[in-house]
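Quick note on the working numbering: the sequence shown kicks off at 162 and runs consecutively. Report on the structure given below.
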Amino acid sequence: MKNKINKAFEKKRKMKLMTHVVAGYPTLKKSEEIIRCMAQNGVDMIEIQIPFSDPLADGPTIMKANQVALENGITPMDCFELVDRITDSIEIPVLFMTYANIPFRMGMQEFIINSSQAGASGLIIPDLPYDEDIGDYYKIAKKNDVHAIYVISPDISETRLKNICDDAEGFIYTTLKKGITGAGNQIQKKGLDFINFVKAHSSIPIAAGFGISTTQHLEMLHDIADMAVIGSHVINLYNENGISGVDSFLTRIIHQIH
162 MKNKINKAFE
172 KKRKMKLMTH
182 VVAGYPTLKK
192 SEEIIRCMAQ
202 NGVDMIEIQI
212 PFSDPLADGP
222 TIMKANQVAL
232 ENGITPMDCF
242 ELVDRITDSI
252 EIPVLFMTYA
262 NIPFRMGMQE
272 FIINSSQAGA
282 SGLIIPDLPY
292 DEDIGDYYKI
302 AKKNDVHAIY
312 VISPDISETR
322 LKNICDDAEG
332 FIYTTLKKGI
342 TGAGNQIQKK
352 GLDFINFVKA
362 HSSIPIAAGF
372 GISTTQHLEM
382 LHDIADMAVI
392 GSHVINLYNE
402 NGISGVDSFL
412 TRIIHQIH
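As C-alpha cells, this is what we get:
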C-alpha cells in the first residue's frame with residue numbers, strides 16, 4: 162500500500178492535492194459519495210477522518226462534522242469497512258486520520274492491522290508525538306505496509322525537525338500555522354517560510370495544510386509545497402451546495418494546478 166503514496170508523487174503534475182472527509186458526515190453514504198467525487202475529479206490522495214469526540218487540532222467546521230458523525234453512531238469499524246469498499250474501485254492512496262485515543266482504545270496493533278487490511282496507505286495521527294513512549298507504532302506500521310505520517314507545525318525546534326526528517330516516510334505534513342484547522346482568508350509569509358525551512362532538512366515530499374481555501378492560496382504554494390491539503394473548505398462547500406459545490410470547486414482547482 163505504501164507504494165501508492167510514493168507513486169502519487171511521481172505524477173507529472175508539479176503540486177499534488179489531498180482532500181479531507183469525515184467518515185459518516187453528513188451520513189456514511191453521503192461521505193462515500195463525497196470520496197468518490199474527489200477521486201473522480203483527480204485528487205491525488207484522500208484523508209479520511211475517523212470521528213472522535215475531542216478533535217483537538219480541528220476548527221469548528223471539522224469539529225462539528227465529527228460530532229454529527231458520532232451522533233450517527235459511526236464507529237472505527239464502520240470507517241474500516243468504508244475504506245475497504247472504496248479501495249476496490251479507487252486507485253489513489255487513501256489515508257486514515259484520527260486522534261491517538263482511537264488506536265490506543267482499540268489496541269495499536271489491531272488498529273494498524275485493520276487499517277492496512279482495509280486498504281489504507283497511511284495513517285495521520287497528529288497528537289501522537291514521535292519522541293514519546295508510544296509503543297511500537299512506527300514499527301508496526303512499517304511491518305503492515307502503511308506509512309505513519311509525521312505532522313509538524315511552525316514552532317518545532319530545528320533539532321526535533323532533523324530527527325523527524327531522518328525517520329519520515331511517504332511525506333511530511335506541515336501545518337501553515339500554529340493552532341487548529343479551518344479555511345482562512347490568507348496564508349502568512351511565515352507559513353511559506355516554514356515550508357522552505359522543512360525542505361532544507363528533508364528529502365521527501367512536503368504536504369502543506371491548515372487554512373487553504375482559494376485558488377490564490379494554491380498559487381502561493383505551487384512552487385514551494387509538493388502537496389496542498391484542503392479539508393474544512395471542502396466541507397463548507399458541501400454544506401452550502403452539496404456534492405455539486407464540491408465537484409465544481411475540485412474541477413476548477415485541479416485544472417489550475419495541472
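The C-beta atom is built at its ideal place from N, Cα and C for all residues, glycine as well.
Rounded to whole angstroms, what is the Cα-Cα separation between residue i and residue j?
i, j, result
"Thr375", "Lys350", "16 Å"
"Ile263", "Lys172", "33 Å"
"Met269", "Cys198", "31 Å"
"Asp239", "Ala279", "11 Å"
"Glu223", "Asp316", "It is Ile, not Glu, that sits at residue 223 in the sequence shown. Ile223 and Asp316: Cα-Cα distance of roughly 23 Å."
"Phe410", "Pro212", "25 Å"
"Gly331", "Thr188", "30 Å"
"Tyr291", "Thr335", "15 Å"
"Asp219", "His394", "13 Å"
"Asn397", "Tyr186", "12 Å"
Run through DSSP, which three-state label would residue i get?
i, result
"Glu208", "strand"
"Tyr260", "coil"
"Met176", "coil"
"Gly352", "helix"
"Tyr399", "helix"
"Thr412", "helix"
"Ile341", "The pLDDT assigned to Ile341 is 46, lower than 50, so where the model puts this residue is not dependable; a value taken from the coordinates is nonetheless given after this. Note: Ile341 maps to coil in three-state DSSP."
"His378", "helix"
"Thr222", "helix"
"Ile391", "strand"
"Thr188", "coil"
"Ile166", "helix"
Quick one, which of the options has its alpha-carbon nearest residue i's?
i, options, result
"Ile286", "Thr180, Ile310 and Gln228", "Ile310"
"Phe272", "Asp288, Val255 and Ala302", "Ala302"
"Phe355", "Leu322, Val182 and Ile365", "Leu322"
"Leu289", "Ile313, Met206 and Ile274", "Ile313"
"Ile361", "Cys326, Ile373, Phe371 and Phe332", "Reading off the sequence shown, one finds Ala at residue 361, where the question assumed Ile. When each option's Cα is compared against that of Ala361, the closest is Cys326."
"Met258", "Val183, Asp215 and Asp245", "Val183"
"Gln210", "Ala386, Ser276 and Gly331", "Ser276"
"Asp155", "Asp292, Phe170, Thr180 and Lys168", "Residue 155 lies beyond the residue range present for the chain, which begins at 162 and ends at 419; the question has no answer from this structure."
"Glu193", "Leu243, Leu337, Ser363 and Pro237", "Leu243"
"Asn167", "Tyr299, Asp387 and His394", "Asp387"
"Ala329", "Leu353, Asn357, Leu284 and Ile348", "Leu284"
Return yes when at least one heavy atom of the ligand GDP lies under 7 Å from the C-beta of residue i, else no.
i, result
"Ala281", "This structure lacks the ligand GDP, and indeed carries no ligand of any kind."
*Entirely within the segment 225–309 and at least 3 residues each: give me those beta strand (DSSP E) ranges in chain order.*
255–258 and 283–285
*Is the segment 189–208 touching the segment 372–386 in the sense that three or more CB pairs, one from each, lie closer than 8 Å?*
no
*Within the chosen definition, does the segment 226–242 reach the segment 170–180 through at least 3 CB pairs nearer than 8 Å?*
no
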